[in-house]
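S.K.: 59 is the number of the first residue of the sequence shown in the working numbering; add one for each residue after it.
Where a beta carbon is used, it is the ideal one built from N, C-alpha and C, also for glycine.
Everything numeric in this text was worked out from a predicted model, so none of it was measured.
Quick one: the structure is below, questions incoming.
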Amino acid sequence: MIRVRSSGRGASSRVCGVYGGARLHVALRTAASCRGCARLNRFHKIAADAMFELDGTFDKAVGDQAMAFFGVPFRPEDHAQRAVTAALWIVKTLEDMIDDDESLRVGGGVGNGEAFIGNVAEGEVRDFTVIGDIVNTAARLQSLAEPGEVVIMEETHRWLTGKYPEASQSSC
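This is how it looks when you write it as structure tokens:
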């Protein structure tokens with residue numbers, strides 16, 4: 059386990075970033091939509107549950123997005139596999155819950171790389187988070203994912219050779 063003190067200092071580490079995003083019909087995107095908020099809350103809870111179950115860190119929920127990372131503070135050798143498993147778990151769980159109007163569909167993105175992990179900001183507001191290209195890469199991969207799909211970096215795919223036989227490889 060890696061410990062990062064709350065002194066504002068952080069550490070650089072190799073992590074797997076997971077980005078999940080819900081695709082909601084326009085009517086559910088309005089703040090006045092109680093149904094839309096309930097569906098987003100369900101998405102965020104399922105995402106957080108998947109991350110915690112697999113020893114990931116649920117970083118934040120922002121609107122219809124969820125961000126998490128694996129590899130810090132727990133450092134299992136299979137953190138890349140756990141990240142992909144968590145993303146697939148979220149997608150599958152929500153796919154199984156879809157009702158007839160299919161108003162909530164989810165896709166995910168997983169990437170790995172070096173990142174800064176620690177507290178950012180000063181004063182009263184601090185945020186323990188991950189900063190680095192991997193965050194943007196995971197978000198971009200998520201934006202490429204079709205509903206019900208998880209897109210992963212090629213390097214992550216190489217680490218997982220044989221773990222997910224149903225995975226197909228394509229270049230973007």
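In the structure shown, what three-state DSSP assignment does MET41 receive?
M.R.: With the chain covering only 59 through 230, there is no way to say anything about residue 41.
S.K.: Can GLY167 and ALA197 be called in contact, C-beta distance under 9 Å?
M.R.: Locating residue 167 in the sequence shown gives position 109, where the first residue counts as 1. Locating residue 197 in the sequence shown gives position 139, where the first residue counts as 1. Result yes, Cβ atoms of GLY167 and ALA197 sit closer than 9 Å.
S.K.: To the nearest whole angstrom, what separates the beta carbons of GLY165 and PRO205, a pair I think is in contact under 8 Å?
M.R.: Walking along the sequence shown from the start, residue 165 turns up at place 107. Walking along the sequence shown from the start, residue 205 turns up at place 147. Correct: roughly 6 Å between the Cβ atoms.
S.K.: DSSP three-state call for ALA85: helix, strand or coil?
M.R.: By one-based count along the sequence shown, residue 85 stands at place 27. Low per-residue confidence applies at ALA85: pLDDT is 39, beneath 50, and the placement is therefore not dependable, though the value from the model is reported in the following sentence. In the structure shown, ALA85 sits in a helix (DSSP, three-state: H, G or I).
S.K.: Residues in the same chain with beta-carbon distance under 7 Å from GLU213, minus the five sequence neighbours each way, listed in chain order, please.
M.R.: Taking the first residue of the sequence shown as 1, we reach residue 213 at position 155. If we look at GLU213 and ignore the five residues flanking it on each side, its Cβ neighbours are ASN170.
S.K.: Which of helix, strand or coil does DSSP assign to LYS221?
M.R.: For the purposes of this step, residue 221 is taken as residue 163 along the sequence shown, with counting starting at 1. Three-state DSSP puts LYS221 in coil, outside helix and strand.
S.K.: Just reading off the alpha helix (DSSP H) that ALA108 is part of, what are its end residues?
M.R.: Counting from 1 along the sequence shown, the entry for residue 108 is found at position 50. Residues 92-111.
S.K.: Could you give the residue range of the alpha helix (DSSP H) that holds ALA196?
M.R.: In the sequence shown, residue 196 corresponds to position 138, counting from 1. 191-202 is the extent of the alpha helix (DSSP H) around ALA196.
S.K.: In terms of alpha-carbon separation, which member of SER70, LEU112, LEU202, THR195 lies closest to ALA141?
M.R.: Position 83 of the sequence shown, counted from the first residue, corresponds to residue 141. Comparing Cα positions, the closest option is LEU112.
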